[in-house]
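K.L.:
Mapping of the sequence shown onto full-length UniProt numbering: position 163 corresponds to residue 163, and the numbering continues sequentially without gaps.
The structure follows.
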Amino acid sequence: MVDAVTMTNVGYTLSSEEHGPDALIEQARRAEAAGFDFVSISDHIHPWVTAQGESPFVWTTLGGIATATDEIDVGVGVTCPTMRIHPVNVAHAVATVAVLLGDRFTFGVGTGENLNEHVTGERWPEHAVRLEKLAEALDVMRSLWTGENTSHRGDHYTVENAKLFTCPDEQPTTVVSAFGPKAARWAADHGDGLWCSGPKGDVVDAFENAGGSGPRITQLHGCYAESESAAVDTIYETWPNGSLPGELGQELPTPKHFEQAAAMVDRDDIAESATLTDPDPEPWIDSFETAVDAGFDHVYFHQIGPDQEAFFEFFEDELAPKLG
């Protein structure tokens, strides 16, 4: 058996693409009772594929989570504050949630996906422009979070005499998403931490070598079920997008396009991927340890599919005793 892992926060994914707002609020409460250190909730207007079936407004759901929980940390992983919602409005939402949750709250940001951001009719730009917009949006939001009157005339945004009267006492911790070393260096310059997916040690190294500090957060995907074949079937039906290669996740515009691309994915692709499907605890613990060894201090599990209670029980009985 694997020795216990210590000094790392263990988290649980609130998947807005798969669950409605009431279910997500209850899952946050259940995660706190199960002993998780934090939860992270996704921010989408569309699911990746239609079979996932949901996409509640994250900021409303967070209000419910704030009242349903007492101690568990809560993060948004992650929001794109550049196209679908103007950064003034995102700053307003973040400030209110930060007041409700206090120091339990972490705000994650990224350059987004076409899937979510094209809906206002604005052109989906190349990555360099998305980074420019994100940097400017961060400047706008941080100015507003001071509670001072803010005006801004930049390359991408205009703000006229805006003031947030409901503000947290301190600037919200704002962690930047990065999936490669180049983006990690950008995150080091602009963020209060690093947000990632998978145990990517080269990303952590690039972040730290560029002077980055703060939490280093990553997500591990899996499906706990009574058998590996049942887990693979669930992933194949509800999360085939996880096996799509390259930058398709950033570029495809609709769930229908993701479904068309996912037609190239078969069950063997899922079984051979890094997505966890074994009903035994050891592979889950090994994957967690690999992320810790890569330098992440916050590691959270995404249980794919409708059966969240089975994973909670698996965590309580099998994982938690070995993860701390």
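Where a beta carbon is used, it is the ideal one built from N, C-alpha and C, also for glycine.
The structure presented is a predicted model; accordingly, all values stated were derived computationally and were not measured.
Contact check, Glu-316 vs Ala-34 under 8 Å by CB: the rounded distance?
P.N.:
On the sequence shown, residue 316 is found 316 positions in, with the first residue counted as 1. On the sequence shown, residue 34 is found 34 positions in, with the first residue counted as 1. Yes, Glu-316 and Ala-34 are in contact; Cβ-Cβ is about 5 Å, under 8 Å.
K.L.:
From Val-5 to Gln-52, what distance separates their C-alpha atoms?
P.N.:
As a working mapping, residue 5 is identified with position 5 in the sequence shown. As a working mapping, residue 52 is identified with position 52 in the sequence shown. The predicted position of Val-5 is uncertain, since its pLDDT is 41 and thus under 50; a value taken from the coordinates is nonetheless stated next. Val-5 and Gln-52: Cα-Cα distance of roughly 32 Å.
K.L.:
What number of angstroms, rounded off, separates the C-alpha of Asp-22 from the C-alpha of Thr-61?
P.N.:
Indexing the sequence shown from 1 puts residue 22 at position 22. Indexing the sequence shown from 1 puts residue 61 at position 61. Roughly 8 Å between the two C-alpha positions.
K.L.:
Along the alpha helix (DSSP H) that carries Arg-185, what are the first and last residues, could you check?
P.N.:
Position 185 of the sequence shown, counting from 1, holds the residue named residue 185. Its alpha helix (DSSP H) spans residues 181 to 190.
K.L.:
Rounded to whole angstroms, what is the Cα-Cα separation between Glu-309 and Phe-301?
P.N.:
In the sequence shown, the residue the question calls residue 309 occupies position 309. In the sequence shown, the residue the question calls residue 301 occupies position 301. Each residue's alpha carbon lies about 14 Å from the other.
K.L.:
Please classify Val-2 as buried or exposed, where buried requires at least 16 neighbouring CB atoms within 10 angstroms.
P.N.:
Within the sequence shown, residue 2 is the residue found at index 2, counting from 1. Residue placement at Val-2 is poorly supported in this model, since its pLDDT is 33, which falls under 50; the coordinates still yield a value, given next. With fewer than 16 Cβ atoms within 10 Å of its Cβ, Val-2 is classed as exposed.
K.L.:
Reducing DSSP to helix, strand and coil, say where Phe-311 ends up.
P.N.:
Indexing the sequence shown from 1 puts residue 311 at position 311. Reduced to three states, the DSSP call for Phe-311 is helix.
K.L.:
For the candidate residues Ala-231, Ala-262, Ala-178 and Leu-220, whose alpha-carbon lies nearest to that of Ile-285?
P.N.:
Residue numbering aside, residue 285 sits at position 285 when the sequence shown is read from its first letter. Cα-wise, what sits closest to Ile-285 is Leu-220.
K.L.:
Scan the segment 248 to 312 and note each continuous alpha helix (DSSP H) run of 4 residues or more that stays entirely inside, going in chain order.
P.N.:
248 to 251, 255 to 262, 267 to 271 and 281 to 293
K.L.:
With a 10 Å radius around its C-beta and 16 neighbouring C-beta atoms as the bar for buried, classify Pro-306 as buried or exposed.
P.N.:
Stepping through the sequence shown from its first residue, residue 306 is reached at position 306. By the neighbour-count rule (16 or more Cβ atoms within 10 Å), Pro-306 is not buried but exposed.
K.L.:
With a threshold of 8 Å, are at least 3 pairs of Cβ atoms found where one atom belongs to the segment 154 to 162 and the other to the segment 185 to 195?
P.N.:
no
K.L.:
Using C-beta distances below 7 Å, list every residue in its chain close to Tyr-12, excluding the 5 sequence neighbours before and after it, in chain order.
P.N.:
Residue numbering aside, residue 12 sits at position 12 when the sequence shown is read from its first letter. So the list reads Ala-31, Phe-36, Val-39, Tyr-300 and Phe-301, once near-sequence residues are dropped.
K.L.:
Give every residue of the same chain whose Cβ lies closer than 7 Å to the Cβ of Thr-96, excluding the five residues on either side of it in the sequence, and list them in chain order.
P.N.:
Here residue 96 is taken as the residue at index 96 of the sequence shown, counted from 1. For Thr-96, where only same-chain residues beyond five positions count, the Cβ hits under 7 Å are Thr-166.
K.L.:
Out of Asp-280, Ala-294 and Glu-228, which one is the CA nearest neighbour of Arg-267?
P.N.:
For the purposes of this step, residue 267 is taken as residue 267 along the sequence shown, with counting starting at 1. Distances from the CA of Arg-267 to each of Asp-280, Ala-294 and Glu-228 were compared; the closest alpha carbon is that of Glu-228.
K.L.:
Does the pairing of the segment 91 to 108 with the segment 166 to 177 give three or more beta-carbon distances under 8 Å?
P.N.:
yes
K.L.:
Give the straight-line distance between the Cα atoms of Val-119 and Glu-282, rounded to the nearest whole angstrom.
P.N.:
If you number the sequence shown from 1, residue 119 lands on position 119. If you number the sequence shown from 1, residue 282 lands on position 282. Whole-angstrom Cα-Cα distance: 42 Å.
K.L.:
Find the nearest neighbour of His-190 within the set Asp-202, Leu-134 and Gly-242, judged by alpha-carbon distance.
P.N.:
Translated into positions along the sequence shown, residue 190 becomes position 190. Nearest C-alpha to His-190: Leu-134.
K.L.:
What did DSSP end up calling Val-74 once you bin it into helix, strand or coil?
P.N.:
Numbered from its first residue, the sequence shown carries residue 74 at position 74. Strand, per DSSP.
K.L.:
Are three or more beta carbon pairs between the segment 123 to 138 and the segment 68 to 88 nearer than 8 Å?
P.N.:
yes
K.L.:
Tell me whether Ser-151, by its Cβ, gets closer than 8 Å to a heavy atom of the ligand MN.
P.N.:
Within the structure as shown, the ligand MN is missing, as the structure has no ligands at all.
K.L.:
Give the straight-line distance between the Cα atoms of Trp-145 and Arg-123, rounded to the nearest whole angstrom.
P.N.:
As a first step, residue 145 is located in the sequence shown; it is residue number 145 there, counting from the start. As a first step, residue 123 is located in the sequence shown; it is residue number 123 there, counting from the start. Distance between the alpha carbons of Trp-145 and Arg-123 is about 28 Å.
K.L.:
Could you tell me whether any Cβ in chain B is nearer than 9 Å to the Cβ of Arg-123?
P.N.:
The chain inventory of the structure shown lacks chain B, comprising one protein chain alone.
K.L.:
Between the alpha carbons of Phe-288 and Cys-223, how many angstroms are there, rounded?
P.N.:
The residue labelled residue 288 in the question sits at position 288 within the sequence shown. The residue labelled residue 223 in the question sits at position 223 within the sequence shown. Their backbone Cα atoms lie some 15 Å apart in a straight line.
K.L.:
For the pair the segment 197 to 209 and the segment 248 to 264, tell me if three or more CB-CB distances fall below 8 Å.
P.N.:
no
K.L.:
How about Leu-101 and Ala-66: do their beta carbons lie closer than 9 Å?
P.N.:
Taking the first residue of the sequence shown as position 1, residue 101 is located at position 101. Taking the first residue of the sequence shown as position 1, residue 66 is located at position 66. Going by beta carbons, Leu-101 and Ala-66 fall inside the 9 Å limit.
K.L.:
Count the other CB atoms, across all protein chains shown, that sit within 10 Å of the CB of Gln-27; report buried if there are 16 or more and exposed otherwise.
P.N.:
Taking the first residue of the sequence shown as position 1, residue 27 is located at position 27. Flag for Gln-27 reads buried.
K.L.:
My assumption, with CB atoms under 8 Å, is that Pro-255 sits in contact with His-46. Please give the rounded CB distance.
P.N.:
Indexing the sequence shown from 1 puts residue 255 at position 255. Indexing the sequence shown from 1 puts residue 46 at position 46. About 6 Å; that satisfies the 8 Å criterion.
K.L.:
What did DSSP end up calling Met-1 once you bin it into helix, strand or coil?
P.N.:
Start at 1 with the first residue of the sequence shown, and residue 1 comes out as number 1. Residue placement at Met-1 is poorly supported in this model, since its pLDDT is 27, which falls under 50; the coordinates still yield a value, given next. Here Met-1 sits in coil by DSSP.
K.L.:
Hey, how far is the Cα of Phe-57 from the Cα of Ser-213?
P.N.:
Walking along the sequence shown from the start, residue 57 turns up at place 57. Walking along the sequence shown from the start, residue 213 turns up at place 213. Going from the Cα of Phe-57 to the Cα of Ser-213 covers about 30 Å.
K.L.:
Return the chain-ordered ranges of every beta strand (DSSP E) run that is complete within the segment 20 to 93 and spans a minimum of 3 residues.
P.N.:
Counting whole runs of 3 or more residues, the segment 20 to 93 contains the beta strand (DSSP E) stretches 38 to 41 and 73 to 79.
K.L.:
In the DSSP assignment, the alpha helix (DSSP H) including Ser-229 goes from what residue to what residue?
P.N.:
Against the sequence shown, residue 229 aligns to sequence position 229. Its alpha helix (DSSP H) spans residues 228 to 238.
K.L.:
What's the gap between the Cα of Pro-253 and the Cα of Val-49?
P.N.:
Start at 1 with the first residue of the sequence shown, and residue 253 comes out as number 253. Start at 1 with the first residue of the sequence shown, and residue 49 comes out as number 49. Cα-Cα distance, rounded: 11 Å.
K.L.:
Candidates His-19, Glu-126 and Gly-64: which alpha carbon is nearest Ser-42's?
P.N.:
Along the sequence shown, read from residue 1 onward, the residue named residue 42 stands at position 42. Of the listed residues, the one whose Cα sits closest to Ser-42 is His-19.
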